[in-house]
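Undergrad: Numbered as in this note's numbering, the sequence shown ends at 1135 without a single skipped number.
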Amino acid sequence: MSEFRNKTVKAEHLVDKFNRKIGSVRISITDRCNLRCKYCMPEEGIEWQKKEHILTFEEIIYLIRIFHSYGIKNYRLTGGEPTVRDDVVKLVELIKSEFPDINLSMTTNGINLTKFAVPFKEAGLDRLNISLDTLNHEKFYEMTRRDQFTKVMDGISAAINANFENIKINSVALKDFNNDYASLKEFIDFSEENNVEIRFIEFMPFTGTNWRNGQYIDSNSMIEEIKAHEEITELPLLDPSQTSRIWSLREGKSKIGFISSVSNSFCDSCNRVRITAEGNLRPCLHNSKEYPLRDLIRKNVPKEEIMAIIQQGLNEKWKAHPDFLAPNFILPIDDREMIRIGG
């Protein structure tokens, strides 16, 4: 692998053809997971990447050096489930030791946080997002096909006790599953009691999820459901690229957010790119076009050529994703499951 340090590289900002400045990189460090969530993957038939096809720690850090040279300071480790990657704490240590100025976060299902919360904090991980679609044990099993609810709840407690700040609980909004007031109230109560922010994400179409409009519920419907029972105030956006509309309840003691990626696309302000576990640049979440980077690194291709490929990908970044609710929308058959894209 060719070596370079970010201090020796000067680069302009990464900007796509619509003048959107890239400010965040989501890096999948594994395609494997210890749950089988229905909206993320099929129950069986997943072909996992071979270990030698997954980016090594050194290759991950090499790519961060490139993006960091463009001034990008926000990075998120995803999966699959990132905590099933061997020596994941060491990866966090390596990243933060070389890039102490970045904001490094992780999205996890929380199952392994009783083991990793304190080591992650000590290694320099800045923030945690924890995926949890219901606070009901039986419904959790129904959705994830695994009986791990207690471990997730214990993991959330471990993260809180490890003094992680601004913990966010990510919940996929699903009709007739968690959009009724009883379910919403459980999350509102949980936010108030534990000082965490709940974020509901509209259900998006991906291969292998049996996505249907009938399972989709728009965020405005859920907001109206809450308004029928609680006083709720929308908070101002903190950043133009913010994807979540945040609402305050109970005198600011509870916060609920909604990411309306289907009903109210935020493509105009999108500032993200993804790196898949096997090292492909994916400029758009919903565009299957990817740009392989791993083999370029392994062949010691000069960094300038890799940077040119990254810019090429940005030049082809979509202006906006299709209207998923349109009668003629067809799920692409050449795309991969969400778990193989990276959360």
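By construction, the Cβ of each residue, glycine as well, lies at the ideal position given by its N, Cα and C atoms.
Is the stretch 1073-1085 in contact with the stretch 1012-1021, if contact means three or more CB pairs nearer than 8 Å?
TA: No: the two stretches stay apart, fewer than three of their Cβ pairs being nearer than 8 Å.
Undergrad: Where do the ends of the alpha helix (DSSP H) carrying Phe912 lie?
TA: Against the sequence shown, residue 912 aligns to sequence position 120. That run of the alpha helix (DSSP H) goes 905-915.
Undergrad: Provide the residue(s) that pair with Trp1039 in DSSP beta bridges, ordered along the chain.
TA: Counted from its first residue, the sequence shown places residue 1039 at position 247. According to DSSP, Trp1039 bridges with Glu1026, Ile1048.
Undergrad: Grab me the residues of Asn921's own chain with a C-beta within less than 6 Å of its C-beta, minus the 5 sequence neighbours each way, in chain order.
TA: Counting from one through the sequence shown, the residue named residue 921 turns up at place 129. Excluding positions up to five away in sequence, the list reads Thr899, Lys960, Asn962.
Undergrad: Where Lys967 and Glu1096 are concerned, what is the direct C-alpha to C-alpha distance, given to the nearest angstrom?
TA: The sequence position of residue 967 within the sequence shown is 175, counting from 1. The sequence position of residue 1096 within the sequence shown is 304, counting from 1. The alpha-carbon atoms of Lys967 and Glu1096 are separated by roughly 47 Å.
Undergrad: In chain order, what residues of the same chain have a beta carbon less than 8 Å from the beta carbon of Cys1059, not counting five sequence neighbours either side?
TA: Walking along the sequence shown from the start, residue 1059 turns up at place 267. So the list reads Trp1110, Lys1111, Ala1112, His1113, once near-sequence residues are dropped.
Undergrad: Using only CA atoms, which one of Glu1070, Ser1061, Ile1015, Val910 lies nearest to Lys977?
TA: On the sequence shown, position 185 is the one that residue 977 refers to. Ranking the options by Cα distance to Lys977, first place goes to Ile1015.
Undergrad: Out of Glu873, Ile1101, Ile887, Asn904, which one is the CA nearest neighbour of Met945?
TA: If you number the sequence shown from 1, residue 945 lands on position 153. Nearest option by C-alpha distance: Asn904.
Undergrad: Do Asn958 and Arg919 count as a contact pair if the criterion is CB distance below 8 Å?
TA: In the sequence shown, counting from the first residue as 1, residue 919 sits at position 127. In the sequence shown, counting from the first residue as 1, residue 958 sits at position 166. Closer than 8 Å, so yes.
Undergrad: Secondary structure at Val807, three-state DSSP: helix, strand or coil?
TA: Translated into positions along the sequence shown, residue 807 becomes position 15. The answer is strand: DSSP assigns Val807 an E or B state.
Undergrad: Can you tell me the Cβ-Cβ gap for His929 and Tyr862, rounded? I've got them flagged as a contact below 8 Å.
TA: Here residue 929 refers to the residue found at position 137 when the sequence shown is read from its first residue. Here residue 862 refers to the residue found at position 70 when the sequence shown is read from its first residue. His929 to Tyr862, Cβ: 45 Å. No contact.
Undergrad: Within this structure, are the beta carbons of Ile1024 and Ala965 separated by less than 8 Å?
TA: Taking the sequence shown and counting its residues from 1, the one referred to as residue 1024 is at position 232. Taking the sequence shown and counting its residues from 1, the one referred to as residue 965 is at position 173. Contact flag unset, no.
Undergrad: With a threshold of 8 Å, are at least 3 pairs of Cβ atoms found where one atom belongs to the stretch 847-863 and the other to the stretch 808-827?
TA: As far as the Cβ criterion goes, the stretch 847-863 touches the stretch 808-827, which means the pair count is three or higher.
Undergrad: Per DSSP, which one or two residues make a beta bridge with Thr1068?
TA: Position 276 of the sequence shown, counting from 1, holds the residue named residue 1068. The partner list for Thr1068 (beta bridge, DSSP) is empty, contrary to what the question assumes.
Undergrad: Of all the CB atoms in chain C, is at least one closer than 8 Å to the CB of Arg1090?
TA: Here chain C cannot be found, since the structure has a single protein chain.
Undergrad: Out of curiosity, what's the CA-to-CA distance linking Tyr933 and Arg1074?
TA: Translated into the one-based positions of the sequence shown, residue 933 becomes position 141. Translated into the one-based positions of the sequence shown, residue 1074 becomes position 282. For Tyr933 and Arg1074, the distance between alpha carbons rounds to 31 Å.
Undergrad: Between which two residues does the alpha helix (DSSP H) carrying Lys888 extend?
TA: Here residue 888 corresponds to residue number 96 of the sequence shown, with the count starting at 1. It spans 880-890 - the alpha helix (DSSP H) in which Lys888 sits, taken as one unbroken run.
Undergrad: Need the endpoints of the alpha helix (DSSP H) that Lys1019 sits in, please.
TA: Indexing the sequence shown from 1 puts residue 1019 at position 227. Element bounds for Lys1019: 1011-1019.
Undergrad: Can you say whether Ala974 is buried or exposed, counting buried as having 16 or more other CB atoms within 10 angstroms of its CB?
TA: On the sequence shown, position 182 is the one that residue 974 refers to. That one is exposed.
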